[in-house]
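Below is one structure; the comments refer to it alone.
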Amino acid sequence: MGGEPATDSQVYRVGAHLLAIGGVFASLFAALGIAIAVKKGDWMFLMVDIGVVAVLFLLLQVLRLEVRSDGFKYRNLSGSREVLFAEVSRAYIEVVRASRAPQGVGVFWVERRDRGRVKVNLRTFPIQAAAALFTALEMHGIQIEVPDEWAARRIADQVRAEQAKMRG
360 MGGEPATDSQ VYRVGAHLLA IGGVFASLFA ALGIAIAVKK GDWMFLMVDI
410 GVVAVLFLLL QVLRLEVRSD GFKYRNLSGS REVLFAEVSR AYIEVVRASR
460 APQGVGVFWV ERRDRGRVKV NLRTFPIQAA AALFTALEMH GIQIEVPDEW
510 AARRIADQVR AEQAKMRG
C-alpha cells in the first residue's frame with residue numbers, strides 16, 4: 360500500500376474469551392467422545408473430535424489486528440486488508456438487526472476515500488485492540504461515529520472506558 364510500514368506496531372490476536380469458549384466446547388465434545396469410546400469401544404468419534412478442535416484452534420490463530428502509527432492491518436479467515444489512516448474518510452459503528460437480535464448488534468466499519476469499506480470484527484480481539492485502533496484513528500483526526508442506539512453506544516462506552524484505563 361505504498362511506502363514502508365511504521366515499525367511501532369501493536370499486534371492483537373484472538374481474545375482469551377474466544378479461546379475459553381472454544382475450550383469449553385472442545386471439553387464437552389471430548390467428554391462425549393470418551394463416553395462413546397468407553398461404552399461402545401469405538402474411538403473414532405474422539406479422534407475426529409480432536410482433529411476438528413485442532414483445526415478450529417489453528418484457524419483462530421489466523422485472526423489478527425495490527426495497529427501501527429500510519430494505519431492498521433486486519434486479517435480474518437477470508438483475507439487480509441491493510442488501511443492507511445491517510446486513506447480513511449470515516450469510521451463508524453453501524454447497528455445491524457436480526458430476528459434473533461432485535462436490540463441490534465454493533466458492527467465497526469472503516470471507510471476509505473475510494474469508498475471501499477473494511478469491516479473490523481472488534482469482538483474477536485481483546486478490548487485493548489479496539490481501544491488502540493480508536494485511539495490511532497482519533498490521533499489522525501478521524502472521529503468514530505456512534506449512532507444513538509443501545510448496541511452502538513455499548514461498544515463505544517466499553518472502548519472509551521478501556522482507552523481511559525490505558526491512559527492511566
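If you want the numbering used here, it's the 1-based position in the sequence shown plus 359.
Backbone N, C-alpha and C fix where the C-beta goes; we use that ideal spot for every residue, glycine too.
Pair within 8 angstroms by beta-carbon distance, residue i and residue j
i, j, result
"VAL518", "ARG512", "no"
"ALA515", "ILE452", "yes"
"VAL412", "ALA385", "yes"
"VAL454", "ALA510", "yes"
"PHE493", "GLN522", "yes"
"LEU387", "LEU419", "no"
Residue from the options with nearest C-alpha to residue i
i, options, result
"GLY410", "VAL426, VAL397, ALA389 and ALA394", "ALA389"
"ALA488", "ILE395, ALA520 and GLU470", "ALA520"
"ARG476", "ALA450, LEU436, MET406 and ILE395", "ALA450"
"ALA445", "PHE431, ASP367, GLY438 and LEU417", "PHE431"
"VAL373", "LEU422, PHE404 and LEU405", "LEU422"
Residue span of the alpha helix (DSSP H) that contains residue i, given as start and end
i, result
"SER428", "No alpha helix (DSSP H) holds SER428; DSSP gives it neither H nor E."
"TRP509", "509-526"
"GLU441", "Counting along the chain, GLU441 falls outside any alpha helix (DSSP H), though it belongs to the beta strand (DSSP E) covering 438-443."
"ILE486", "486-498"
"ILE409", "403-419"
Per DSSP, cross-strand counterpart(s) of residue i
i, result
"LYS478", "TRP468"
"LEU424", "TYR371 and TYR433"
"GLU453", "VAL466"
"ILE503", "ALA450"
Counted within 10 angstroms of its Cβ, other Cβ atoms place residue i as buried (16 or more) or exposed
i, result
"GLY361", "Low confidence applies here, because GLY361 scores a pLDDT of 48, under 50, leaving its location unreliable; read the following figure in that light. Answer is exposed; the Cβ neighbour count stays below 16."
"ASP367", "exposed"
"ILE380", "exposed"
"ARG472", "exposed"
"LEU424", "buried"
"GLY465", "buried"
"GLU363", "Note that GLU363 scores a pLDDT of 49, beneath 50, so its modelled location is shaky; the value from the coordinates is reported in the next line. GLU363 should be labelled exposed."
"ASP401", "exposed"
"GLY500", "exposed"
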